[in-house]
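The structure under discussion appears below in the form of structure tokens.
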């Protein structure tokens with residue numbers, strides 16, 4: 007009784023955050039009305055696609071995609087596997103994303119043998135690259151959590167602030183939402 011907790015309902019498209027307190031009789035009272043928005047894992051995927059377009063050029067990726075739609079789905083699938091395999095983002099640790107042969111060939115035509123951030127058939131993402139891909143969604147989650155904290159009565163904040171260390175765990179879980 008009196009415990010305060012956050013429910014972070016996370017999906018591919020949206021994440022909703024609600025703050026509750028346990029009342030007598032095993033009832034819940036809502037301390038902060040559910041807040042949330044469209045910043046689920048699908049938006050991390052959009053940031054990955056944006057990263058690829060910025061790295062190799064929008065026109066090149068658009069042309070490759072229009073001529074190799076199945077391979078584009080292969081790239082998305084490879085990114086999904088890589089994203090789900092991430093347990094945490096570590097400094098100075100690169101992440102590899104396998105890319106389809108047709109994209110490698112397209113990149114060779116443009117760049118020759120020195121393709122940026124490519125090792126054979128793998129796109130090499132630095133820890134900073136990975137952080138830049140995840141940050142927009144994480145920033146939105148942080149703002150939503152802050153909004154929830156701001157809408158909780160001051161006497162509930164000490165108990166709620168104990169949840170702050172759990173944010174890292176929640177963000178780790180966010181990667182695995184699909």
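Numbering (this note's numbering), first residue to last: 7 to 184.
Note that beta-carbon positions come from the ideal geometry of N, C-alpha and C, so glycine has one too.
Note that the coordinates shown come from a computational prediction; the quantities given were computed from them, not determined experimentally.
Item: Using a Cβ-Cβ cutoff of less than 8 Å, which residues in the same chain neighbour residue 130 once the five nearest sequence positions on both sides are dropped?; Value: 100, 101, 102, 123 and 124
Item: Tell me where the alpha helix (DSSP H) around residue 91 begins and ends.; Value: 75-91
Item: Please classify residue 89 as buried or exposed, where buried requires at least 16 neighbouring CB atoms within 10 angstroms.; Value: buried
Item: Who are the Cβ neighbours of residue 104 in its own chain at under 7 Å, not counting the five residues just before and after it?; Value: 84, 127 and 128
Item: Taking 9 Å as the threshold (C-beta atoms), are residue 154 and residue 12 in contact?; Value: yes
Item: When you compare only the Cα positions, how much space is there between residue 22 and residue 35?; Value: 17 Å
Item: Identify which residue in 61, 109, 49 and 60 has its Cα closest to the Cα of residue 72.; Value: 109
Item: Using the Cα positions of residue 50 and residue 27, report the straight-line distance between them to the nearest angstrom.; Value: 31 Å
Item: Alpha carbons only, please: which of 146, 156 and 135 is nearest the one belonging to residue 60?; Value: 135
Item: Under a Cβ-count criterion, where at least 16 other Cβ atoms within 10 Å of its own Cβ denotes burial, should residue 16 be classed as buried or exposed?; Value: buried
Item: Could you tell me how far apart the beta carbons of residue 113 and residue 75 are, in whole angstroms, since I believe they sit closer than 8 Å?; Value: The Cβ separation is near 18 Å, so there is no contact.
Item: Quick check: the Cα distance between residue 47 and residue 19, rounded to an integer number of angstroms?; Value: 7 Å
Item: According to DSSP, which residues form a beta bridge with residue 11?; Value: 26
Item: Jot down the residue ranges of each uninterrupted alpha helix (DSSP H) in the stretch 123-158, minimum 4 residues, whole runs only, in chain order.; Value: 133-156
Item: Quick test of your reading: residue 121 and residue 57, contact by CB under 8 Å. State the CB separation rounded to the nearest angstrom.; Value: 15 Å between Cβ atoms; not a contact.
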